[in-house]
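Asks:
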Amino acid sequence: MLDWLVPAGFILVLGCFVPLGATFQFWPDEGYELMKALLVSRGHTLYSEIWNDQPPLHTVLLAALFQVTGPSVGVGRWLSLAFTALGLMALYRIVSVRSGRPAGLFAVALLISASGFLGLGVSVMLEVPAWSVALAAIWVASVPDPPGPGRGWRRAMLAGVLFACALQIKLTAALVGPALALTVVLARNSPDRSGPGERMSWIRRIPWHALLALGAGVALGFACWAWLFWQPGTIEQFRASHFSERTLAEAATRDSQWSPRTLANEMALAAAGGLGLLVGMVRRDRAVLVPVVMLLTAVAVHSWHRPYWAYYSVHFFIPMAWLGGVGLIEAWRCLIRADLRGSFWRKTVFALGLLVWCGVLSITLTLGGEQLYLEWRRLRSAPAAADNPYVQGLRANSEGAEWIFTRELSAAFHAGLAVPPELAVIPWKRLWSGQISPEDVRDALERHRPELILIPPDWTARFGLHEVIENDYRAQPFGWGNTLYRRLGSP
C-alpha cells in the first residue's frame with residue numbers, strides 16, 4: 199500500500215501547487231495536441247480531415263474527456279499528469295522489486311530532477327505518456343508468471359498489449375521494444391536442467407512461448423487501434439513526415455542532430471547512472487542489462503535519425519535514472535558488506551569506493567536538487583493564459599467567430615476558437631515533406647471561410663494569401679507586431 203504513495207504524492211503536489219488549468223503553456227507543442235482533441239471532440243476525423251503524423255490514442259482519449267467535461271487545458275494536463283504518475287510508479291516498482299524501496303525512490307527522484315522533465319510531465323504532449331505506458335509494459339513483463347500449465351504467456355501478452363497502446367500514443371515508444379523483449383527473457387529464462395558434465399543450449403533456455411505471446415499481444419493491440427482509428431493514407435502521412443527524402447534532407451541542413459553534448463546539463467543523472475553501470479558490471483548483475491539496452495537503443499537511433507527534438511531527452515533520462523537508483527543503493531550495500539580484514543589493498547579499494555560513492559551522492563543531491571528547484575519555480579511562475587497578449591487579443595475579437603487560421607494554436611484554444619481541421623497541424627515536418635501546398639491552404643480557407651486570420655508575414659507569402667486577405671478580409675487593430683484579419687461581412 200505504501201508504494202502507491204509515490205504516484206499519489208506526485209499527483210497531489212503538482213496538482214495542488216502548479217496552476218495546471220491557468221497556465222498558458224508549459225511546452226510550445228501543446229497547442230497541436232489541444233487543437234486536435236478539440237476538433238475530434240466536435241466530430242472531425244483524424245487523418246482524413248485532420249492531418250496528423252502521430253498515432254491516435256492520446257488524441258482520442260483527450261477528445262473523449264473534452265466531450266464529458268468540456269474543452270479545457272486543465273483536463274489535458276491532468277491526463278498528462280496521470281500518465282506521468284503511471285510511469286513513475288512503474289519505474290519505482292521495477293527498481294524496488296530488484297534493489298529495494300530506497301533504490302526505487304532514488305530512481306524516481308533522479309528522473310523528476312532531470313532538466314525539463316516536470317514540464318514535460320504536465321504538458322499536453324505525447325512523449326511522456328507513451329514512454330510511461332511502455333514502462334508499465336516492462337513492469338508487467340518483469341513479474342514471472344505463476345507456475346502451472348498454460349500460465350507462462352499471460353503476463354507477456356498483457357505486456358505486449360500495453361506496449362501496443364504505447365506505440366499508438368507515439369511511435370518513439372518503439373525504442374523500448376528491445377528492452378521489453380529482454381525483460382521477458384530474463385524474467386522467464388528456463389533453468390539449466392542438463393545433466394552432470396553437460397550444458398543446456400542457450401537457445402533452449404529462451405522462453406520462446408513468452409516471446410511469441412509478447413509479439414501476439416503487440417500485434418493484436420496495435421491492429422485493433424489501427425482498425426478503429428486509422429484511415430486510408432495514414433501510413434503515408436507517417437512515412438512522408440518522418441522518413442521522406444525531403445524531410446531527411448531538410449533536417450540534415452539544420453542543427454537538429456543528437457550528440458552527447460545534449461545531455462551536458464545532466465551531471466546528476468550521468469554520475470549516478472555511471473555508478474549503476476559500474477556496479478552492474480562488477481557484480482555481473484543481469485538486471486542492469488534492461489536499462490543499458492534501452493539506453494544503447496536510444497543512442498543508436500538518435501545518432502542516426504534526424505531531426506532530434508528537445509523532448510526526446512526523455513529517452514535517455516529514464517534508463518539513466520533507472521541505473522542511478524540501482525547504482526546508489528547497490529554500491530552502498532557493497533561497501534557496508536565489505537570485508538576489511540586482511541590486506542592493505544582491500545582497505546584501499548574500500549576507501550576509494552566510499553570516496554566515489556560519496557562524490558556521486560553529493561552530485562546527485564546538489565545538482566539534481568538545484569535542477570528540480572529551478573524547474574519547480576519555472577512551473578509555478580509560468581505566465582497565465584489570461585495575461586497572454588495573443589489570448590487577450592483573440593478573446594477581444596472572438597465575438598461571432600467560430601474558425602481562425604493561425605499558427606498560435608494554444609492562444610486560439612484558450613480563446614475558444616478552432617482552426618479548420620485541414621490547417622490545424624502544420625509543423626515543420628509537414629512543410630519539409632511537401633504534404634501541404636498553397637492550393638491546399640487556399641482551398642481550406644474557401645471551404646471553411648474562417649472569420650479570423652492571424653499568421654506571420656512569412657506564412658502569407660509561403661501560401662500565397664495576399665490576394666485572399668486583400669479581397670476578403672479587413673485588418674483589425676491587434677498590436678504586438680502582428681495583424682489580425684477579420685472576414686468581410688462577419689459579425
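Here the working numbering is used: the first residue of the sequence shown is 199, the next is one more, and so on. All C-beta atoms in this analysis are idealised placements derived from N, C-alpha and C, irrespective of residue type, glycine included.
1. Could you give the distance in angstroms between the alpha-carbon of Arg-640 and the alpha-carbon of Val-666?
2. To the nearest whole angstrom, what separates the beta carbons of Val-204 and Met-323, a pair I think is in contact under 8 Å?
3. List the whole-angstrom C-beta distance separating Val-524 from Ala-301, where the pair is believed to meet the contact cut-off of C-beta under 8 Å.
4. Among the residues of its own chain, which have a CB less than 6 Å from the CB of Asn-586, if the five just before and after it don't count?
5. Apply the 10 Å Cβ neighbour rule to Pro-430 and answer buried if 16 or more other Cβ atoms are within range, or exposed otherwise.
6. Just reading off the beta strand (DSSP E) that Leu-461 is part of, what are its end residues?
7. Could you compute how far the alpha carbon of Trp-202 sits from the alpha carbon of Phe-208?
8. On the criterion of 16 or more Cβ atoms from any shown chain inside 10 Å, does Phe-514 qualify as buried, or is it exposed?
9. How long is the line joining the alpha carbons of Leu-521 and Leu-476, rounded to whole angstroms?
10. Could you tell me whether the Cβ atoms of Ser-701 and Ser-439 are closer together than 8 Å?
11. Would DSSP call Pro-675 helix, strand or coil?
12. Would you list the residues sitting across from Leu-559 in a DSSP beta bridge?
13. Grab the span of the beta strand (DSSP E) containing Leu-286 for me, first residue to last.
14. At 3 residues or longer, and completely inside the stretch 547 to 604: list those beta strand (DSSP E) runs for me, N to C.
15. Based on DSSP bridge pairs, tell me the residues matched to Leu-244.
16. Compare the beta carbon distance of Val-306 and Leu-289 with 8 Å and say whether it is the shorter of the two.
17. Using CA atoms only, rank isn't needed, just tell me which of Ala-616, Ile-602 and Pro-655 is closest to Arg-690.
18. Specify, as a first and last residue, the run of the beta strand (DSSP E) that Arg-685 falls within.
19. May I ask which residues mark the beginning and end of the alpha helix (DSSP H) holding Leu-446?
20. Exposed or buried, which one is Lys-627 when buried takes at least 16 other CB atoms within 10 Å?
21. CB-CB under 8 Å to Glu-396, same chain, minus the five flanking residues each way: which ones, in chain order?
22. Going by Cα to Cα distance, which pick from Ser-321, Ala-616 and Val-488 is closest to Pro-648?
23. Taking buried to mean at least 16 other C-beta atoms within 10 Å of its own C-beta, is Cys-556 buried or exposed?
Replies: Working from what's here:
1. The alpha-carbon atoms of Arg-640 and Val-666 are separated by roughly 8 Å.
2. The beta carbons of Val-204 and Met-323 sit about 22 Å from each other, so the pair does not count as a contact at 8 Å.
3. About 6 Å separates the Cβ atoms of Val-524 and Ala-301, confirming a contact at the 8 Å cut-off.
4. Hits under 6 Å: Phe-222.
5. It is exposed - the Cβ of Pro-430 has fewer than 16 other Cβ atoms within 10 Å.
6. Leu-461: not part of any beta strand (DSSP E); DSSP gives it neither H nor E.
7. Each residue's Cα considered, the two are about 10 Å apart.
8. In this structure Phe-514 is buried. Its beta-carbon is surrounded by 16 or more other beta-carbon atoms within 10 angstroms.
9. Rounded to the nearest whole angstrom, the CA to CA distance from Leu-521 to Leu-476 is 10 Å.
10. What is shown of the chain runs 199 to 689, which leaves residue 701 out entirely.
11. It is a strand residue.
12. DSSP lists no partner for Leu-559.
13. Careful: Leu-286 lies outside any beta strand (DSSP E), inside the alpha helix (DSSP H) at 271 to 297.
14. Listed in chain order, the complete beta strand (DSSP E) runs (minimum 3 residues) inside the stretch 547 to 604 are 602 to 604.
15. According to DSSP, which records beta bridges pairwise, Leu-244 is partnered with Ile-248.
16. Yes, these two residues count as a Cβ contact at 8 Å.
17. Beyond the ends of the chain as shown, which are 199 and 689, falls residue 690; an answer cannot be given.
18. That run of the beta strand (DSSP E) goes 680 to 685.
19. Residues 443 to 450.
20. Flag for Lys-627 reads buried.
21. At Glu-396 the pLDDT is 47, less than 50, meaning the model places this residue with poor confidence and gives no usable figure here.
22. That would be Ala-616, whose Cα lies nearest to the Cα of Pro-648.
23. Exposed is the call here.
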